[in-house]
Structures are given as structure tokens and as C-alpha cells.
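500 is the number that my numbering gives to position 120 of the sequence shown; each next residue is one higher, with no gaps. No residue lacks a Cβ here, since even glycine has one placed at the ideal position from N, Cα and C.
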Amino acid sequence: MAQEYLPAPSNIRLADLMKERNISQPELAKELGCSKSTINRFISGAKGTLTHEQVLKIARLFNVSTDFLLGETNIPDRKNYDIAELGLSVEAAKNLYTGRVNAEVVNLLLENARFAELTYRIAQYFDDTFASGIAAQNAMLTTLSTLLRTKVKTPEAAKAAKDISLRRKPVYQGDLDDIETYFMAAVKEIKKGIGSHYAEQEAMSKKVAEKMFTELTKGQDVQHPTITAEQLTDAMLGSVLGMDGATPEALEQLRSGLLGILQSAAEQENAHEADE
């Protein structure tokens, strides 16, 4: 949850931020490219004012919104960022804006600490940080194996050369295994945080099925109930009536498909019983 501050004018708000982050007036003046007296006059409540550009610089320095600095909101978190500030390419921003990628999933991944580490590991994979080391190691092993086979011509040397060759690794395999492990761990952590709703769906389906069975077997011998494929199909269709997309045409198509499946299953069961 975002931290919320008490209402305050912009000069008091800036003074509080400087105190929290341990930034002095001379340090802030240097960051803004202005004099210390300009900062002092503003914080003291004198007539000194800050320019729009200076307010933007302060917001970026303290990572708060300009609305918070100006006292228009008590929550400091920024909501709007320039794509250049975020390091996004135009195409990446376009994919998010148009919904081509699932923004909710992207947010969950970016908020996960393990995923943050994963991005650095992927970057190392892209720039061959570890692959270069593996390649150098493979070259050394190849050289040693070759020297053993050509310079020391004994059965023991030949066996040692073969063992050394087997120690060579695919250049990128370690990177890929590491990335896969980290990515799956991040996804599992996110899923654990979200929780699961399948238990609720199971319970609801069970209640619907029990109610359906009770209705279909009403007045029958409970030990030997008779339920036709048509009855079961109609009961199942009744459970979806009123749902979005449950048009008469869609229900008729569903009825035809379900009835065919149930009738086929009944015929197979009857044939199996006859064989026995």
C-alpha cells in the first residue's frame, strides 16, 4: 500500500522529503542548477518560487509525482511516466497501450523480486558474459585432450583425453537452464500470491451435479435409477441458461453435441456389458 502523508503546502512537503532522504539545501540547489538562496526562500515560505522545470526535476529526484509536490494529493507515488524514463522502446510501449500484451501479467512480473534478477541474467545471456567463459573453458579442454592423444600415446592417455572431452559443455546451456529455473520460480511465486479459485469452481460444480441428479431421479428407485441421454443433456443445458453467449442457436448446437457424446458412451457401455 502506498504511504500517505498529511496535507501540507509544497514548501513544507519539499522540506520533509529532503529530511527523509538526507539531502541538504546546497545539494538540492546543485541538482537543480540554482542557488541555495532560491531553495531557502522557497522552503521558508518567502516569495521565492520554483520553475516548472525545477518542480519536474525535484519530482524525478525524489521519485514522487508533481501533484504530491504541489500539495494536490497526499500519496507520493507517481502514476505517469515518460516512456523514455522507463527505458521502453516505442514498440514496447505500443504493445502495452494497445493491449497486445497482457498488462496485468507484465505488472505482476515486474513487481516480483526474482523476476528483476532474471532480467539481469537474461542480459548476461544476450551479451555472452558467461558463454565467453564456457567457450574458453571448452577450448582449453579441447587442447588438453588433443595433446594427450597426440603427445602421450598410451591407453591411459587416450582414456584421459576422452574423459576430458566429455567435460566440455554447450556454450549457452548453463545460461538457458539458469534462466528457465529463475523464470519458473518467479511465475510460481506470483501464482502463490494470487491464489487459486479452482476449489470454488469444483464445489459449485459438485452442488450443480448433485442437484441435477436429485431432480432426474426423483420418484425412482435410488439403487437403480434410469436416466436417459436426452434427460441428462437437457439438465446440463439448464445449468447454463442465462449465461453470456447462451443464445438459442448456441444452446441447440451444444445440445446436439452433448447428446451425441452421451448416446455414444451409452452404446459403448451396452456393448461392453453384452460381451461380458
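The distance from the Cβ of Gln643 to that of Ala615 is about 15 Å, inconsistent with a contact at the 8 Å cut-off. Going by DSSP, Ala541 is part of the alpha helix (DSSP H) stretching over Pro535 to Leu546. Judged by DSSP in its simplified three-state form, Leu441 adopts helix. Taken atom to atom, the span from the alpha-carbon of Thr594 to that of Glu569 is near 42 Å. With fewer than 16 other Cβ atoms inside 10 Å of its own Cβ, Met520 counts as exposed. Annotation: Leu546 to Leu441 spans about 54 Å, alpha carbon to alpha carbon. Judged by DSSP in its simplified three-state form, Glu400 adopts helix. Boundaries of the alpha helix (DSSP H) around Gly573: Gln553 to Ile574. Of all alpha-carbon atoms in Leu397, Val567, Lys549 and Ser636, the one lying nearest the alpha-carbon of Ala493 is that of Val567. Look at Lys474 here: in three-state DSSP terms it is helix. In the three-state DSSP reduction, Ser636 falls in the helix class (H, G or I). Between Thr613 and Thr478, the alpha-carbon positions lie close to 41 Å from each other. Ile544 is positioned such that its CB atom lies no closer than 7 Å to that of Leu527. Membership of Gly618 in the alpha helix (DSSP H) is indicated by the continuous run Ala609 to Gly618. Take the alpha-carbon of Leu436 and the one of Thr627: they are about 55 Å apart. Contact between Ala395 and Ile423 is confirmed by a C-beta separation of about 5 Å, below the 8 Å threshold. With 16 or more other CB atoms across the displayed protein chains lying within 10 angstroms of its CB, Val444 is buried. The criterion of a C-beta distance shorter than 7 Å is satisfied by Ile559 and Arg501. Looking from the CA of Ile514, the closest CA among Val551, Glu536, Tyr505 and Lys531 belongs to Val551. It is roughly 15 Å from the alpha-carbon of Asp457 to the alpha-carbon of Arg401.
Rounded to the nearest whole angstrom, the C-alpha separation of Gln504 and Glu536 is 39 Å.
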